[in-house]
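In what follows, a single structure is set out as structure tokens and then discussed.
Protein chains: 2
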Amino acid sequence: MPATDIATERITLADVAARAGVSLMTVSRVVNDRPGVGSETRERVREAIDALGYRPNIVARGLKAASSRSIGLMVPDVTNPYFPELVRGAEDVAIEHGYTLLLTNVIEDANRETLALRTFEDHMVDGVIACSPRLDNEDLYPLLKRHRAVVLVNRRTDPKIAGSVRIDHELGARLLVRHLHQLGCRTFGFLTGPPHSHAGRERMLGVDRETRELGIEFSHARTVPCAPTVEGGVEAAGELFEREPGIDALMCFNDLVAAGAMQALKERGRRVPEDVAVVGYDDIVFARMFTPALTTIKAPTYELGQQAAGMLLDRMQGRGHGIDIVLQPELMVRDSTVGFQPTSGGKTATGRAPRRSATAAGGRRRSR
Amino acid sequence: MPATDIATERITLADVAARAGVSLMTVSRVVNDRPGVGSETRERVREAIDALGYRPNIVARGLKAASSRSIGLMVPDVTNPYFPELVRGAEDVAIEHGYTLLLTNVIEDANRETLALRTFEDHMVDGVIACSPRLDNEDLYPLLKRHRAVVLVNRRTDPKIAGSVRIDHELGARLLVRHLHQLGCRTFGFLTGPPHSHAGRERMLGVDRETRELGIEFSHARTVPCAPTVEGGVEAAGELFEREPGIDALMCFNDLVAAGAMQALKERGRRVPEDVAVVGYDDIVFARMFTPALTTIKAPTYELGQQAAGMLLDRMQGRGHGIDIVLQPELMVRDSTVGFQPTSGGKTATGRAPRRSATAAGGRRRSR
DNA sequence: TTGAAAGCGCTAACAG
DNA sequence: CTGTTAGCGCTTTCAA
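Order-wise, the sequence lines are chains X and P.
Take the first sequence: its position 119, counting from 1, is numbered 172 in the numbering used here, and each next residue is one higher.
Take the second sequence: its position 159, counting from 1, is numbered 212 in the numbering used here, and each next residue is one higher.
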């Protein structure tokens, strides 16, 4: 028993009803703005509510209505600046509609993902936004099916199971490859991120296709998976350059990995961008403050969060099924690539690329 | 009505009881690991639970037990890398003890803080961790008193109302002043952050006292409040240097502000650290990647989160009252200060400071 | 337009 | 050791 004064007793519907001299139901109707109450009674009840400072107990309501006015948001790692941006977007929409966000960090771990989805269930959330889940479909689907509404971020899926909101990562990867190729880079390396990342696979697809189309030889031997963190970048880049010193263009899973990679390259005496052009992905706020400033792909992350929450609210009401929102990424050219000096090898070494220009405009597209 | 298959009906205690051929209470006892059930019956119930995949409904339990097995965590802005670190610490402890985190972002806004605290109440959280709240005591206390247990981060308070876990920000500020003074800086400027920030006030205290003790003249005219963001830093630094061009040491509310300030200084042609030494606060992961790498104060943020959650769990059980945890900060010396070139003015210009060394060791202290 | 009764899923407090 | 009863605060259903 706390030494503190006990918090003021909870005011219940009954208290308000007693004070207003009406029944529970009348109060309930007023609270929920439902018809069937005379305007005079309604007024009297309103006064009682104000006087007592009544607030509905969401838990009790949830028990009956099987709803808790909350939505679960699962993100891999709030510590990566990419996700907080998304959280803000989702939260702003959720709060606006009277919902509370239950946020869970799953630290890129499948077990934590399972736990989180279960916990959401226990708390009777009305819907779930799952951000880049790492679980396999077989494990993920049964978990998702237990929820009334689900939206997946950056992962395509059966629209029966969940809606999806994503960035066109294949395009993002293509933009980067194209840019590096224009600069005269010919030997591409790629730190691909966590092996189970959907986004990572899509980017790999983009790299594969775009290099093929441009006639660049691209070998998966110059590919290393890594943790999506600065440390992951340091390690993976070290390993890759040990094995494949000839790489002159290094693509990274995200900006954190790129930061680590640039650190590792510096330690090895490789200059960025003169010897090796490095690109990241996400355009976190700090990318432009790195040394050199990082060329990367800017994804409309805040909007991604908003769209996800909006779609979830729709699905919670049984609307918006089968809609798949795809947001377009944008290339941000900065100093980690523009000073690249092509060596003899380059067939069509251009060297002069436009600085600080973006190619693909933002925007969105709806499919299906 | 969703087109999806309806999620599997919820399995309740009654289902398990029926299957095991016992009463509700027996199942409840087994679920909660309570004594008073024969080992054979217990086994039978366990099997039924597994077979049916029963999970307790926390909402229903909460209604009776007035608890929802969740704790509310209110942070000003997840977008500032400082807070996610803290969130991780708190979350890890909470999850370990079977609690879920309800996270809310209050975007440095008093209204959102009020809303968040109320929402926590509506959801019957078992306790609240409030991170650097901006609300005044008169507004904050009544809100807090409605919660069973509260821990404030970075804000001292009446232990009857809430526990407190904080960094010794006065010491942090003193370490910075001392360091800058040793380098030969003599004219200090300070971007103080949001006016209502408790942490900001403590740091100001540290600056005031340390400068006085060192015999440096420090005027509040060289002080500007600012938003705790990169943009805030750009603006405030611009304004300050317009007015006070003689400043040779710029202290900033946090690392984001410092990033903005360095940007603004660069635009004005002032070199960092040669002309102006700049320091931040928090040591976010990216501070070492800035150009130049930022000298700053490293706060044990993850641990701060852990301690806050730990203390809250204690308080929720009526223990640990009156304990106030204070964590010690540490000086991280980097390139944004070490190359400072003192001009004639400095009386005891030293110039040679140890690189990459820290003065105050980490550690913690309990008072009261 | 209003109210009374029943019950959401669970647990505390007693019986047996 | 096990079961019964009552009720958490609210809403749905049906009756007045």
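Using N, Cα and C, we set each Cβ at its ideal position, and we do this for glycine too.
- Classified as exposed, P/Gly322 has fewer than 16 neighbouring CB atoms from the shown chains inside 10 Å of its CB.
- In chain order, Gly299, Ile300, Asp301 place their CB closer than 6 angstroms to the CB of X/Thr240, counting only its own chain and leaving out the 5 sequence neighbours on each side.
- Counting other Cβ atoms within 10 Å of its Cβ, P/Lys351 reaches 16 or more and is therefore classed as buried.
- For X/Thr349, the pairing in a beta bridge is given by DSSP as X/Met385.
- Leaving aside the five residues that flank X/Arg341 on each side, none in its chain has a CB nearer than 6 angstroms to its CB.
- Counting the other Cβ atoms within 10 Å of the Cβ of P/Thr396 gives fewer than 16, which makes it exposed.
- Residues of the stretch 184–211 of chain X that bring their beta carbon within less than 8 angstroms of a beta carbon in chain P comprise Lys198, Arg199, His200, Arg201, Ala202, in sequence order.
- In the DSSP annotation of this structure, P/Leu303 is not part of any alpha helix (DSSP H); the continuous beta strand (DSSP E) holding it starts and ends at 302–305.
- The C-beta of X/Leu365 comes no closer than 8 angstroms to any C-beta of chain P.
- For the pair P/Gly253 and P/Phe306, the CB atoms are nearer than the 8 angstroms cut-off.
- For P/Leu357, there are no C-beta contacts with chain X under 8 angstroms, since the nearest C-beta of that chain is about 14 angstroms from it.
- Look at P/Pro109: its C-beta is under 8 angstroms from a C-beta on chain X.
- Against chain X, the beta carbon of P/Arg141 has neighbours under 9 angstroms at Asp130, Val131, Thr132, Asn158, Ile160, listed in chain order.
- One Cα belongs to X/Asn110, the other to P/Arg187, and the distance between them is close to 26 angstroms.
- Remark: C-beta atoms of X/Val332 and X/Pro134 do not approach each other more closely than 8 angstroms.
- Between X/Gly106 and X/Val178, the CB-CB gap reaches or exceeds 8 angstroms.
- Taking 8 angstroms as the threshold, the shortest C-beta distance from P/Met177 to chain X falls below it.
- A residue is called buried once 16 or more other Cβ atoms fall within 10 Å of its Cβ, and X/Gly91, having fewer, is exposed.
- About 12 angstroms separates the beta carbon of X/Ser185 from that of X/Val204, a gap too long to meet the 8 angstroms contact definition.
- Among the CB atoms of chain X, one or more fall inside 8 angstroms of the CB of P/Glu144.
- Between the alpha carbons of P/Leu116 and X/Thr210 lies a distance of about 36 angstroms.
- Nearest C-alpha to P/Thr348 among P/Gly291, P/Arg387, P/Arg82: P/Arg387.
- Within the DSSP bridge table, the entry for X/Asp335 names X/Lys351 as partners.
- According to DSSP, residue pairing for P/Phe243 in a beta bridge involves P/Thr276, P/Met304.
- Across the stretch 332–357 of chain P, CB contacts with chain X closer than 8 angstroms involve Val338, Phe339, Met342, Phe343, Thr344, in sequence order along the chain.
- Out of P/Arg82, P/Asp130, P/Thr94, the CA that lies nearest to the CA of P/Arg114 is found in P/Arg82.
- Here P/Cys184 is bridged, per DSSP, to P/Val206.
- Interface annotation for the stretch 299–313 of chain P against chain X: Leu309, Ala312, criterion Cβ-Cβ distance under 9 angstroms.
- The beta-carbon separation of P/Val310 and P/Gly286, rounded to 4 angstroms, stays under the 8 angstroms limit for a contact.
- Ranked by how close their Cα comes to the Cα of X/Asp86, the residues X/Leu196, X/Gly74, X/Val69, X/Arg99 have X/Arg99 in first place.
- A straight line joining the alpha-carbon of X/Arg72 with that of X/Val84 spans about 15 angstroms.
- Taking P/Glu93 as the centre and dropping the five residues before and after it, the same chain places no C-beta closer than 8 angstroms to its C-beta.
- When the Cα atoms are used, X/Glu263 and X/Val391 turn out to be separated by approximately 20 angstroms.
- Between X/Gly180 and X/Arg372, the C-beta gap is not smaller than 8 angstroms, which leaves the two residues out of contact.
- In the three-state DSSP reduction, X/Ile214 falls in the coil class, being neither helix nor strand.
- For P/Gly91, the closest Cβ of chain X is not nearer than 8 angstroms.
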